[in-house]
Structures are given as structure tokens and as C-alpha cells.
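Per the working numbering, the sequence shown starts with residue 25, numbered consecutively.
Every residue, glycine too, gets a C-beta built ideally from N, C-alpha and C.
The structure displayed is predicted, hence computed values, not measured ones.
What follows is a single structure, written as C-alpha cells, with notes after it.
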Amino acid sequence: MMTYIQGLPKVELHLHIEGSLEPDLMFELAKRNQVSIPFNSPEEVQAAYQFEDLQSFLDIYYQGANVLINEQDFFDLTWAYLLRCQQDNVIHTEIFFDPQTHTARGIAFDTVINGIDKALQKGREELGISSQIIMCFLRHLDQDSAFETLRQALPYKDKIIGVGLDSSESGHPPEKFQQVFEEAIKHGFLTVAHAGEEGPAENIHNAMKLLGVARVDHGVRCVEDEQLVEQLIQDRTPLTVCPLSNIKLKVFQDMADHNIADLLRRGLCVTINSDDPAYFGGYMTDNFVAVAEALPMTNEELKAFTLNAIEASFISEEEKQRLVAKVDQFCASV
Ligand code: HPA
Ligand code: ZN
Numbered sequence: 025m026m027t028y029i030q031g032l033p034k035v036e037l038h039l040h041i042e043g044s045l046e047p048d049l050m051f052e053l054a055k056r057n058q059v060s061i062p063f064n065s066p067e068e069v070q071a072a073y074q075f076e077d078l079q080s081f082l083d084i085y086y087q088g089a090n091v092l093i094n095e096q097d098f099f100d101l102t103w104a105y106l107l108r109c110q111q112d113n114v115i116h117t118e119i120f121f122d123p124q125t126h127t128a129r130g131i132a133f134d135t136v137i138n139g140i141d142k143a144l145q146k147g148r149e150e151l152g153i154s155s156q157i158i159m160c161f162l163r164h165l166d167q168d169s170a171f172e173t174l175r176q177a178l179p180y181k182d183k184i185i186g187v188g189l190d191s192s193e194s195g196h197p198p199e200k201f202q203q204v205f206e207e208a209i210k211h212g213f214l215t216v217a218h219a220g221e222e223g224p225a226e227n228i229h230n231a232m233k234l235l236g237v238a239r240v241d242h243g244v245r246c247v248e249d250e251q252l253v254e255q256l257i258q259d260r261t262p263l264t265v266c267p268l269s270n271i272k273l274k275v276f277q278d279m280a281d282h283n284i285a286d287l288l289r290r291g292l293c294v295t296i297n298s299d300d301p302a303y304f305g306g307y308m309t310d311n312f313v314a315v316a317e318a319l320p321m322t323n324e325e326l327k328a329f330t331l332n333a334i335e336a337s338f339i340s341e342e343e344k345q346r347l348v349a350k351v352d353q354f355c356a357s358v
């Protein structure tokens, strides 16, 4: 099973690049940039990663991002993630970044996007990994700040495929950002949003209705509304599920309790993703293995997660066909 999962070509659709900052790199960048961090060693950082809920994680995650200052730092962060993609046979990835986490500290928008984009370009050329960038608005900040961020992104429209919504779901529902999403859509951006992670199924419904999302990030609480589940099945609206994240943040107590296998078997377009792998204990292969160990699944079902991710990705039909062929070729060879 491990060999099959390792070799299976994978597509990642829910990855916060700031959440791929490993403790070793955090230490290296803290030293390089003379930023003080409240830890004495990478091991101490790792030991601090015990979370009670989404907010307790976010507090540590935003603190970690403080070591990212220069374009080279964003390049190094993204390149390290791409090398992990290569190890895990991730052939295409659509990554989130949180501009406001950086611009609020006085880091220029172009420093962030250029560092990320240059690494992704090198990933295409040297590793053969294709990629897209999605910019997320922080939902704990107000809509004016999101509008300002959208304005800053316009010169980089060709590098950013879509906009998303992340951070604290409780108290910050999709409707808070309806106007800025409408504006983003007018400018040609695709939209996604975190919904139904900690918040109710109603947030999933409203993300679809008011924000026009092409995919729902997480979405696991859809099961609380049967009519919504039927709609997700009918429309094939993809859910980017993050199994290890859900356990670490106590969305489910145990992987055996996770609903991802049920959702797949009911015909939803569910996918497996790593979210913030440096914080949640694993990249793509680890997430697939954790699911397959806790919820016995056939190789066909594991393959279906990749095929769903290809279907749900923001690439051309031709490119989708090319990726499907890669998956079929692998499956025929085992
Ligand atoms: N949920 C909300 N916001 C986030 C997450 C998440 O899983 N990861 C990084 N920001
Ligand atoms: Zn996320």
C-alpha cells in the first residue's frame, strides 16, 4: 500500500505556502534576518505544535511567518516545498499565500509574489511540476483590507489564478466578503473559500451562493445538511479535504472517525491535501497513508482522489488529459 501511494501521481489543491515552513528553515531564516523567535531549537518549535483548535494553530502560524522578510526567503520556502512535492510524486500543485500576513509587517506585495513565482518557475523547468497561485484574504481582517489587497494584486493578475478566504472561520462568515469577491470575479479571478472546517454547513452554502466558489476548501461539515450534500454530488463541487490537519485541529477526534471515505463513496468530488504540512505532521503521501491506514480503501479509491483533484484543478482540459494519462500509466504498471 505504501509503495502504491508513494508512486501514485498526486495533485495538491490546498496548501498554504507559509504552512510549509519547516522548523529548520524557520531557524535558518530567523538567523539570516536577525528576527527573534521564542524558541531555542527546531526541536522546541516542533514540540510547541500541539493545537486545541484552528485559532491556537493560527496564532503560532502567523508568528512563524515573521521570519520571512526578503524575496530570497519566499523563494527558499517555496523551493523547499517543491522538493517535497518531487519526493511525493506531486505533479501539479495550486498553492495559497496570505499577502496580508506580510504586507501588515511592511513587506512589499511584490517581494512575496516574486519570490514564490520564481521558485514555481524553476519547479516547472527543473522538476516538471506544474503550478498555480491562489491569493487568500484573511477573514479576521475587514473587507476594506481585502479590497486593498486585491488592488495590490492587479499588476500580478497573470501570475494569480484565483482568490480564496482563510484564517478564523468562527465569527467571519463568507457574506462578510461578498463585495470583494464580486470585484475579484470581475477582474477574472476564480474563487475558492475555506468553509465548513470549524464553521457550519451554512458557510459552505453561502460560499457557493455569494462568493461563487469553484471549490470549497475543507467542507467536511457539509454532512450536517443533507440537501447541501445532494447539491455537492449533483454539481460535482470539489472539496479540498485535509485529513491530518483535521485531526491536529480536532475537527475529528481520530482518523477512523473522518468522513472522507464516506464522502468519496457517496460520489462527492473529494480530494486529499496537506494544508500546512510543516505544522500538521505530513505532506501528501503522509496524508494518503494516514487515510488508507485508518479507513481501509482500495487502490481504485486512492486513485479516485487523484482523478478528482485533476478534475477540480484550475488547468486546461488538455493539461488535465495529460495528467490523467500519467495516472493511468502508473496504475497500469503496478
Ligand atoms: N484554515 C483556515 N485558515 C488557515 C488554515 C486552515 O486550515 N491554514 C492556514 N490558514
Ligand atoms: Zn487551509
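Next on the checklist: Any heavy atom of the ligand HPA inside 7 Å of the beta-carbon of LEU288?
Outcome noted: LEU288 Cβ: outside cutoff for every heavy atom of the ligand HPA.
Checklist entry - Which residue comes first and which comes last in the alpha helix (DSSP H) that contains SER269? => result SER269 -> alpha helix (DSSP H) spans 267–272.
Next on the checklist: In chain order, what are the residue ranges of uninterrupted beta strand (DSSP E) at least 3 long that sit wholly in the segment 184–244?
Outcome noted: Segments of the beta strand (DSSP E) lying fully in the segment 184–244: 186–190, 214–219, 239–242.
Checklist entry - GLY291: buried (16+ other C-beta within 10 angstroms of its C-beta) or exposed? => result Here GLY291 is exposed. Its C-beta has fewer than 16 other C-beta atoms within 10 Å.
Item to check | Option nearest ALA72 by Cα separation, candidates GLN58, VAL59, GLN87 | outcome: Looking at the Cα atoms, GLN87 is the closest of the given residues.
Next on the checklist: When you measure from the CB of HIS40 to every non-hydrogen atom of the ligand SAM, does any distance come out below 7 Å?
Outcome noted: This structure does not include the ligand SAM; its bound ligands are the ligand HPA and the ligand ZN.
Next on the checklist: Let me make sure I understand the geometry here. Which of LEU39, LEU256, GLU250, PRO224 has the alpha-carbon closest to that of VAL237?
Outcome noted: Cα-wise, what sits closest to VAL237 is LEU256.
Item to check | HIS218 beta carbon near the ligand ZN (any heavy atom closer than 7 Å) | outcome: Result yes, Cβ under 7 Å from the ligand ZN.
Next on the checklist: Any contact between the segment 25–44 and the segment 117–125? By contact I mean 3 or more CB pairs, one from each, below 8 Å.
Outcome noted: Yes, the segment 25–44 touches the segment 117–125.
Checklist entry - When the distance is taken between beta carbons, is PRO267 closer than 8 Å to VAL216? => result Not closer than 8 Å, so no.
Next on the checklist: For the ligand ZN, I want to know if ASP83 counts as a neighbour, meaning its beta carbon is within less than 7 Å of at least one of the ligand's heavy atoms.
Outcome noted: Answer for ASP83: no, Cβ out of range of the ligand ZN.
Item to check | Whether VAL114 touches MET321 by CB criterion (8 Å) | outcome: No.
Item to check | Through-space distance from GLU324 to ARG175, alpha-carbon basis | outcome: Spanning the two alpha carbons is a distance of roughly 44 Å.
Checklist entry - Under a three-way DSSP split, which group does VAL59 fall into? => result It is coil, neither helix nor strand.
Checklist entry - Per DSSP, what kind of secondary structure is THR261 in: helix, strand or coil? => result Three-state DSSP puts THR261 in coil, outside helix and strand.
Checklist entry - Using the C-alpha atoms, what's the distance from LEU331 back to VAL348? => result VAL348 and LEU331: Cα-Cα distance of roughly 7 Å.
Next on the checklist: Is ASP100 near the ligand HPA - that is, is its Cβ less than 7 Å away from at least one heavy atom of it?
Outcome noted: For ASP100, the distance from the CB to the nearest heavy atom of the ligand HPA is not below 7 Å.
Checklist entry - Is the closest heavy atom of the ligand HPA to the C-beta of LEU78 under 7 Å? => result True, at least one ligand heavy atom lies under 7 Å from that Cβ.
Next on the checklist: Please report the distance separating the alpha-carbon of LEU53 from that of ILE271.
Outcome noted: Here the C-alpha atom of LEU53 lies approximately 29 Å from the C-alpha atom of ILE271.
Checklist entry - With a Cβ-Cβ cutoff of 8 Å, do ALA280 and LEU319 count as a contact? => result Yes, these two residues count as a Cβ contact at 8 Å.
Item to check | Nearest candidate by alpha-carbon position, reference ALA219, set VAL240, ALA208, GLN345, ALA104 | outcome: With distances taken between Cα atoms, ALA219 lies closest to VAL240.
Next on the checklist: Distance check for PHE338 and LYS344, CA to CA, integer angstroms please.
Outcome noted: The C-alpha of PHE338 is placed about 9 Å away from the C-alpha of LYS344.
Checklist entry - Can at least three beta-carbon pairs, one atom from the segment 129–143 and one from the segment 84–101, be found at a separation below 8 Å? => result The answer is yes - the segment 84–101 touches the segment 129–143, with three or more Cβ pairs under 8 Å.
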